[in-house]
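Chains as they are written, first to last, in numbering that gives the first Met the number 0: chain Z, 0 to 148; chain X, 0 to 148; chain L, 0 to 148; chain F, 0 to 148.
Backbone N, C-alpha and C fix where the C-beta goes; we use that ideal spot for every residue, glycine too.
In what follows, a single structure is set out as structure tokens and then discussed.
Number of protein chains: 4
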Amino acid sequence: MKPQTGDPVAPQIEADLKASFARQGLMRHLGAELIEARYGLARISLPFRPELTQQHGYFHAGGTSAVADSAGGYAAFTTFPENSSVLTVEFKINLINPAQGERLEALGRVVKAGRTLTICQLEVHACSGERRELIALGQQTLIRIEGGV
Amino acid sequence: MKPQTGDPVAPQIEADLKASFARQGLMRHLGAELIEARYGLARISLPFRPELTQQHGYFHAGGTSAVADSAGGYAAFTTFPENSSVLTVEFKINLINPAQGERLEALGRVVKAGRTLTICQLEVHACSGERRELIALGQQTLIRIEGGV
Amino acid sequence: MKPQTGDPVAPQIEADLKASFARQGLMRHLGAELIEARYGLARISLPFRPELTQQHGYFHAGGTSAVADSAGGYAAFTTFPENSSVLTVEFKINLINPAQGERLEALGRVVKAGRTLTICQLEVHACSGERRELIALGQQTLIRIEGGV
Amino acid sequence: MKPQTGDPVAPQIEADLKASFARQGLMRHLGAELIEARYGLARISLPFRPELTQQHGYFHAGGTSAVADSAGGYAAFTTFPENSSVLTVEFKINLINPAQGERLEALGRVVKAGRTLTICQLEVHACSGERRELIALGQQTLIRIEGGV
């Protein structure tokens, strides 16, 4: 049976994902954490730090984009056969509200899983306590590469 | 006379730019440096560090995008009247070659400077010694805000 | 009370929309029809004709994009005060499945209605009888202009 | 020797291109003409007609996008081996000036010709007599498909 978006992933895939995330120097340097991975979905949390700001003290669009791009990459990866890896071909992101809050939460969601190309939607919310506000919206194209992780 | 792309900027604008760049926690955290600012042009250098990598040891697309976005923002800013600030509305970036080298160099170039919206082209090269390779190409929309820097 | 996405629009706005659509030479030339307009939503239908094809006999991406762009424009327009008009700043569209069917249906949906800029998500389905397939997905930035329609 | 962007294309490729263009119902319906094809470059002209307008009487963004997309597709196609065909994966276009003039001229230019994916830059000028104004700027990702034209 074909897995559905949101289904749990196999333990091996989850382990591969976490190993891959741990090897990303940038995600560690930013303080990002992979907090959820399901079939076709990945969620990354990025707590606020002064090291992530732009000139007005909000989250810099570069950090917002970095976690959005990674969330899409991991979402795509969950739908791949073993021994595949993923590269971002391109993405587009609209920054629709000031990125202000205790943390950002980036969600990548696979819209089309093709043999070669995968398309994801990307959302980033700024979260403070119970408050969640959509601050960025994106669309991403990824390519599956045979071999490697 | 209307300034041309590539003209030197007034000392006050250059000072504003450098002050603004220095206030960007993320650019400092990544180790990025604003190395050139002319009318309608800005160039940022990002030396390689393990803290900037993705899972294969290349520059992470998130870092590449961050410096591309900032280069466009500063390029736009050079064309604004005093007491304006700039926000990224959206950008799109294609990652066209592996981002591998001693440093990245991001160039933002204003294509259309409007009263409200400014459009930039973004290029990122990977540089190692004399070798320069185009690794990313983008297009960005920015909005001018009255007041602030 | 603030209107919600999907609420009916005032008769005057609906009349303005239809008058505006009727003045679009391209939409008429393609055979497109504005079939639904609600607050923050617009839907356009484009029946198949050989005049809309690319070299393989499917709908040409240019026609798909044209109705997607227009659907977003009308969706944005429903949220504007009177005596405003709308221009597309930019859009990005992924063509994710072959555009094959009896007709295309383009949906524009406002994600963020700002004072100056409005952001829409765009979806295009190919429809044949009961079958609907998502064939394109886009994201669009629009600007509100005072005066005119 | 590797061909350079702007080199003339082989007569067989030029014949394939024109045959392909002639099979595009939409390009014929819009009145578009493929006026130049070189290695990595294609140029399409779209003369003004009331059938191409939006509600203010300018060229509709949908027509502008359609010729930009096709110009990129043909530019990519010139770099492909025989028995390949091309599909647009996605494109992004900024509409930077009112599309007003006697005709539009769309230029597609290959920036990266990969084995699977090709990246193009897209420019559209509005032309009236000697006057040329850049009215749209885009970036496009295309995929090469084995077989067919």
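Residue-level contact check: Asn93/X touches chain Z, since one or more beta carbons of chain Z fall below 9 Å from its beta carbon. At least 9 Å separates the CB of Glu145/L from every CB of chain X. Against Gln138/F, the close residues of chain X are Lys91, Asn93, Leu136, Gly137 and Gln138, in the order they occur along the chain (beta-carbon pairs closer than 8 Å). Looking at Phe79/L, Ile118/L, Gly24/L and Gln3/L, the one whose alpha-carbon comes closest to that of Tyr57/F is Gly24/L.
Rounded to the nearest whole angstrom, the CA to CA distance from Val8/F to Glu35/F is 10 Å. One Cα belongs to Cys119/F, the other to Gly137/X, and the distance between them is close to 11 Å.
Ala60/Z places its beta carbon 9 Å or farther from that of Gln139/Z.
In the DSSP assignment, Lys111/X is bridged to Ile118/X. For chain X, the residues of the stretch 37-52 of chain Z that bring a beta carbon within less than 9 Å of one of its beta carbons are Arg48, Pro49, Glu50, Leu51 and Thr52, in chain order.
Straight across, the Cα-Cα distance linking Glu89/X with Ile95/Z is about 8 Å. When beta bridges are read from the DSSP output, Ile92/Z appears opposite Gly137/Z and Phe90/X. Comparing C-alpha distances from Glu101/X to each of Lys1/X, Pro49/X, Arg37/X and Tyr38/X shows the shortest one belongs to Pro49/X. The Cβ-Cβ distance between Ala41/F and Leu106/F falls below 9 Å.
The C-beta distance from Thr77/X to Arg37/X rounds to 7 Å, short enough to meet the 8 Å contact threshold. Any Cβ of chain L closer than 9 Å to the Cβ of Lys111/Z would place that residue at the interface, and such an atom is present. In chain X, no part has a C-beta under 9 Å from the C-beta of Ile142/F; the shortest such distance is about 13 Å.
If you ignore the 5 residues before and after Asn93/Z, its C-beta comes within less than 8 Å of the C-beta of Ala135, Leu136 and Gly137, all in its own chain and listed in chain order. Residue range Leu40 to Pro46 is occupied by the beta strand (DSSP E) that includes Pro46/Z. The Cβ atoms of Gly72/L and Gly39/L lie no closer than 9 Å to each other. Near chain L, meaning a CB-to-CB distance below 9 Å, the residues of the stretch 95-126 of chain F are Ile95 and Pro97.
Within the model, the alpha-carbon separation for Gln53/L versus Gln53/X is close to 39 Å. Taking 9 Å as the cut-off, the Cβ atoms of Val109/Z and Ala75/Z count as close.
Ile144/X and Pro80/Z have their alpha carbons spaced roughly 47 Å apart.
Gln99/Z sits close to Ala125/Z, with the two beta carbons spaced by under 9 Å. When Cβ-Cβ separations below 9 Å define contact, Thr77/L makes no contact with chain F. The alpha-carbon separation between His55/L and Ala65/F amounts to approximately 16 Å. In this structure, Lys111/Z keeps its C-beta atom at 9 Å or more from the C-beta atom of Leu51/L.
The beta carbons of Leu29/Z and Leu16/Z sit about 18 Å from each other, so the pair does not count as a contact at 8 Å. For Glu32/L, the enclosing beta strand (DSSP E) stretches over residues Glu32 to Arg37. With contacts defined as CB atoms closer than 9 Å, Ser44/L and Gly146/L fail to qualify as a contacting pair.
Of the residues Leu116/F, Lys91/F and Gly62/F, the one whose Cα lies closest to the Cα of Arg27/L is Gly62/F.
Chain X places a beta carbon closer than 9 Å to that of Val88/L, counting this residue as a contact. At a cut-off of 9 Å between C-beta atoms, Leu33/F does not count as an interface residue with respect to chain L.
In the DSSP annotation of this structure, the continuous segment of the alpha helix (DSSP H) that includes Val66/F starts and ends at Ala60 to Phe76. The three-state reading of DSSP puts Ala18/L in helix, counting H, G and I together. Here Ile142/X is near Thr115/L, since their CB atoms are less than 9 Å apart.
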